[in-house]
Amino acid sequence: MSEEKMQAVVVGQSGVEIAEVDVPQIDASQVLVKVAACSVNRSDLLTVQGQNYGHVGGAQKIMGASFTGEVVAVGDDAEGVAVGDKVSATGAAGWAEYAVSHWQRTLPVPSSEVELIEVAGLASGLCIMHDAIVTNGRFESGQTMLVQGASSAVGIIAMQIGKHLGASMVIGTSTNAERRGRLAQVGADIALDSRDEGWVDQVLEATGGDGVDLTVDQISGYTANANMAATKVHGRIINIGRLGGEVAEFDFNRHAERRLTYIGTTGRTRSLAEHIEVVRLAREGLWDALANGAFRMPIDSTYSLSEASDALDRMAANAHFGRIMLTVRD
504 MSEEKMQAVV VGQSGVEIAE VDVPQIDASQ VLVKVAACSV NRSDLLTVQG QNYGHVGGAQ
564 KIMGASFTGE VVAVGDDAEG VAVGDKVSAT GAAGWAEYAV SHWQRTLPVP SSEVELIEVA
624 GLASGLCIMH DAIVTNGRFE SGQTMLVQGA SSAVGIIAMQ IGKHLGASMV IGTSTNAERR
684 GRLAQVGADI ALDSRDEGWV DQVLEATGGD GVDLTVDQIS GYTANANMAA TKVHGRIINI
744 GRLGGEVAEF DFNRHAERRL TYIGTTGRTR SLAEHIEVVR LAREGLWDAL ANGAFRMPID
804 STYSLSEASD ALDRMAANAH FGRIMLTVRD
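The letter at position 212 of the sequence shown is residue 715 when you use the numbering used here, and the numbering goes up by one with no holes.
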């Protein structure tokens, strides 16, 4: 495909734009995917705003880090994946008609009632949240979980993972009343407003005064110290996002008094080997459940590649519930 061209969404001088670029070539460890759908993530919005997430940025960078479609070429070293397979994958430059991924960062699309676009909306989030909740959070059946920022796509996934793992209670937060009212549909036993001064007391009341075993924190900033108050003695807090502020005063006394384990995690600084391990563990722990319909993702809206700017505007408006998707058609 060395002389073929494709359409891709690239970073322009003032946002994103469609460009005609070369179809990428693969090395021995990679696969080439004819893309059908791509998820729109918060990191994509931040990339356009000038923050680089794991790859060289700047003008003409192809956007996107997760995509789903059909394998059309396979490197010599790739195992367990063949031309014609439908896969979800992570890697750079996914908002395009064709995209490349290391073969060990691909996940098979289940042959089940779960639609391809829904798998595309779930796959990367399942990897992210399995790493946060299981690998780092050491969550176990019968424990309680708080998800800050629960109405986001990955927040919805976090709550459903908690339910799948046997959580005795899942508490989700959203500062938007309409979205908060929908959290029960996607895994929350209790839905709270983290801007409400009484939300910590509500968590403590729901947990018999103890607090939750695990807090999955996508907000931090103004919630950092309150999260510790809402987490039980010897509990764990996994910080996976900082939408409420990257810097905050930290109450070391509260941290010490409750003997908390506080772990920060991001994909930005991980090596290829680490990313591969995240995918492997998610596949091992969650993929059978995905095929059986344990995880569902509300699709908020879909856009074509040429409408990528509108999709990012939708993300920036914080008005969505579930996944914003890009679809690629012949």
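A virtual CB, placed ideally from N, CA and C, is assigned to each residue, including glycine. Because the structure is a prediction, the values reported are computed rather than measured.
Here Gly747 has Ile722, Ser723, Gly724, Tyr725 and Thr726 as same chain residues with Cβ atoms under 7 Å from its own Cβ, once five neighbours each way along the sequence are excluded. Its Cα nearest to that of Ser654, the residue Met662 stands out among Gly796, Thr647 and Met662. Inter-segment contact for the region 605–625 and the region 637–647 is absent: fewer than three beta-carbon pairs are separated by less than 8 Å. Taking the Cα positions, Ile779 is about 21 Å away from Tyr601.
Within the region 593–652, the complete alpha helix (DSSP H) segments at least 4 residues long are 619–633, listed from N- to C-terminus.
For the beta strand (DSSP E) assignment, the uninterrupted runs of no fewer than 3 residues enclosed by the region 506–540 are, from N- to C-terminal side, 508–515 and 518–525.
DSSP lists no beta-bridge partner residue for Phe798. When DSSP states are grouped into helix, strand and coil, Ile766 belongs to the strand group.
Considering only Gly738, Ile659 and Ala691, the residue with the shortest C-alpha distance to Gly714 is Gly738.
Membership of Ala694 in the beta strand (DSSP E) is indicated by the continuous run Ile693 to Leu695. Note: Tyr806 is bridge-paired with Leu829 in the DSSP secondary-structure output. Taken through DSSP and simplified to helix, strand or coil, Glu573 comes out as strand. Between Met828 and Val536, the C-beta spacing is not below 8 Å.
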